[in-house]
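>
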Amino acid sequence: MSVLFDFFPELRGQVPWAPLGVLPTRVDDAAPVLAHAAVQGELWLKRDDLSSPVYGGNKLRLLEHLFGEAQLSGCRHVYSSGAVGSNFAVATALHAPRVGLEPGAICFPEPLTPEGAASHRVVVERAHLVEIAHWSLLPLAAERTRREAEQRGQRALILSQVSLSPESLFGYLAAGLELHRQIATGECPAPSRLVLPIGSAATSAGILAGLSLGKKIGVSHAAPALEAVRIAPWPLSRRGRVVSLALKTLARLAQLTGNAEHALGKRELLPATVVTDQLGAGYPHPTPAGSAARAAFEAAGFPILDGTYSAKAAAHLLASIAQGRGPVLFWCTKSSAPLPVVPGASEAAG
Numbered sequence: 051m052s053v054l055f056d057f058f059p060e061l062r063g064q065v066p067w068a069p070l071g072v073l074p075t076r077v078d079d080a081a082p083v084l085a086h087a088a089v090q091g092e093l094w095l096k097r098d099d100l101s102s103p104v105y106g107g108n109k110l111r112l113l114e115h116l117f118g119e120a121q122l123s124g125c126r127h128v129y130s131s132g133a134v135g136s137n138f139a140v141a142t143a144l145h146a147p148r149v150g151l152e153p154g155a156i157c158f159p160e161p162l163t164p165e166g167a168a169s170h171r172v173v174v175e176r177a178h179l180v181e182i183a184h185w186s187l188l189p190l191a192a193e194r195t196r197r198e199a200e201q202r203g204q205r206a207l208i209l210s211q212v213s214l215s216p217e218s219l220f221g222y223l224a225a226g227l228e229l230h231r232q233i234a235t236g237e238c239p240a241p242s243r244l245v246l247p248i249g250s251a252a253t254s255a256g257i258l259a260g261l262s263l264g265k266k267i268g269v270s271h272a273a274p275a276l277e278a279v280r281i282a283p284w285p286l287s288r289r290g291r292v293v294s295l296a297l298k299t300l301a302r303l304a305q306l307t308g309n310a311e312h313a314l315g316k317r318e319l320l321p322a323t324v325v326t327d328q329l330g331a332g333y334p335h336p337t338p339a340g341s342a343a344r345a346a347f348e349a350a351g352f353p354i355l356d357g358t359y360s361a362k363a364a365a366h367l368l369a370s371i372a373q374g375r376g377p378v379l380f381w382c383t384k385s386s387a388p389l390p391v392v393p394g395a396s397e398a399a400g
């Protein structure tokens, strides 16, 4: 259950929402990771990888609101949009049927990692796949998909991680408040920094909004600096977009709750930076530092990193944690739930 409605019960009925997750996710002491990496410091993990036994990770908090919007608008079909093998596509394919929606995916080509290939096999099996030659064709493909659905007497909603409404980020805002509550109840110490990967900036922006608001309204005293590690040279992964989306999300919350104090000013946001030194050869290519971080996490009993996103963020984490500025929290964004078995997949892989 999202804590959004605990903090703001007046939003029930105003904000579209479809329950998907097992929330709140727990916070774990990750001292064994540092021991295996031979690094001194204090590390905690926010286990959003466990947000659902079906398919967890950070996308679930976004989909709860996007699926709610689809249900409210009378759409039967929901199509993810993005690179082939994306977490967004497989999360949509697996969760949409749980709330009575039929999944699809509009995908453009990218080099596939083994994890991406496994995810894509699930998408091919579970969703209606629309393949396009280049990301620049997404708007045309989206419009064509909507029109084809209308010709069948149906409605389709194209889910975007680029054009995001403030309400769709409320799940991430709630995640920031959720962490504040866990700090206040002693489940983990107040972190000095929060580290996570950044792609479209939705997760970073929403969590920044929730953390900043939680501090202002006194949920806890925590004031962590947010460090978002860029995993691809995309124009979406920039600090200005994170700040802008966070402010728009808070402004919309203030409007819906009728409380102007929820609309924070730019100077009231907690510090946020975008780290750019972990790109390596680019998306989705792994890096030696990311692979080392992944090995340290696995050896410590946390097989939760992927080479494309989270391992690169963890590499920055391990390189910077020895600076000794207090506890650091790593937000686990990649699902650790096993993917469903796809018939014939082993033969195809061989």
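When you line the sequence shown up against the working numbering, it's residues 51 to 400, in that order. Just so you know, even glycine gets a beta-carbon here, dropped at the ideal spot from N, CA and C. In this text, all values refer to a predicted model and were calculated from it rather than measured experimentally.
#1: Rank Pro82, Ala240 and Glu152 by C-alpha distance to the C-alpha of Val378 and give the top, closest one.
#2: What does the alpha-carbon distance come out to for the pair Ala183 and Cys157?
#3: Using three-state DSSP, classify Leu116 as helix, strand or coil.
#4: Is it true that the CB of Ala282 sits closer than 8 Å to the CB of Leu329?
#5: Do Ala361 and Ser341 come within 8 Å of each other at the CB atom, strictly closer than that value?
#6: From the DSSP output, which residues share a beta bridge with Ser131?
#7: Please go through the same chain and pick out, in chain order, the residues whose beta-carbon is closer than 7 Å to the beta-carbon of Ser250, but skip the five residues on each side of it.
#8: Please check the pair Ala177 and Ala155, which I expect to be a contact at CB under 8 Å, by giving their CB distance rounded to whole angstroms.
#9: Looking only at DSSP bridge pairs, what is Lys96 linked to?
#10: Once DSSP output is grouped into helix, strand and coil, what is the label at Ala322?
#11: From the DSSP output, in three-state form, read off Pro82 for me.
#12: Is the Cβ-Cβ distance between Thr383 and Thr253 less than 8 Å?
#13: Does DSSP classify Val269 as helix, strand or coil?
#14: For Asp327, which residues of its own chain have a beta-carbon under 8 Å away from its beta-carbon, when the five flanking residues on both sides are left out?
#15: Can you say whether Ser123 is buried or exposed, counting buried as having 16 or more other CB atoms within 10 angstroms of its CB?
#16: For the pair the region 262–279 and the region 222–234, tell me if three or more CB-CB distances fall below 8 Å.
#17: Under 8 Å by Cβ, that's how I've got Leu295 and Phe57 pegged, so tell me the actual separation to the nearest angstrom.
#18: Output yes or no for whether 8 Å exceeds the beta carbon distance between Leu306 and Ser169.
#19: Going by DSSP, name the residue or residues bridged to Pro247.
#20: Less than 6 Å between C-beta atoms, sequence neighbours within five positions excluded: which residues of the same chain meet that for Ala146?
#21: With Val149 and Gln121 assumed to form a contact (beta carbons below 8 Å), what rounded beta-carbon distance in angstroms separates them?
#22: Rounded C-beta distance between His433 and Gly221? I'm assuming under 8 Å.
#23: Does His178 come out as helix, strand or coil in the three-state DSSP assignment?
#24: Assign Leu389 to one of three DSSP states: helix, strand, or coil.
#25: Helix, strand or coil for Leu162, going by three-state DSSP, please let me know.
#26: Kindly provide the ranges of any beta strand (DSSP E) runs that are 3 or more residues long and lie completely inside the region 163–240, ordered along the chain.
#27: Would you mind stating whether Val173 and Thr195 have Cβ atoms separated by less than 8 Å?
#28: Less than 8 Å separating the beta-carbons of Val392 and Arg76?
The relevant details are as follows:
#1: Ala240
#2: 9 Å
#3: helix
#4: yes
#5: yes
#6: Ile156
#7: Gln211, Val212 and Leu286
#8: 5 Å
#9: Val77 and Trp381
#10: strand
#11: helix
#12: yes
#13: coil
#14: His366
#15: exposed
#16: yes
#17: No, Leu295 and Phe57 are not in contact; Cβ-Cβ is about 20 Å, not under 8 Å.
#18: no
#19: Val279
#20: Val128 and Pro153
#21: 7 Å
#22: An answer regarding residue 433 cannot be provided, because it is not within the stretch 51 to 400 covered by the chain.
#23: strand
#24: coil
#25: coil
#26: 178–181 and 206–208
#27: no
#28: no
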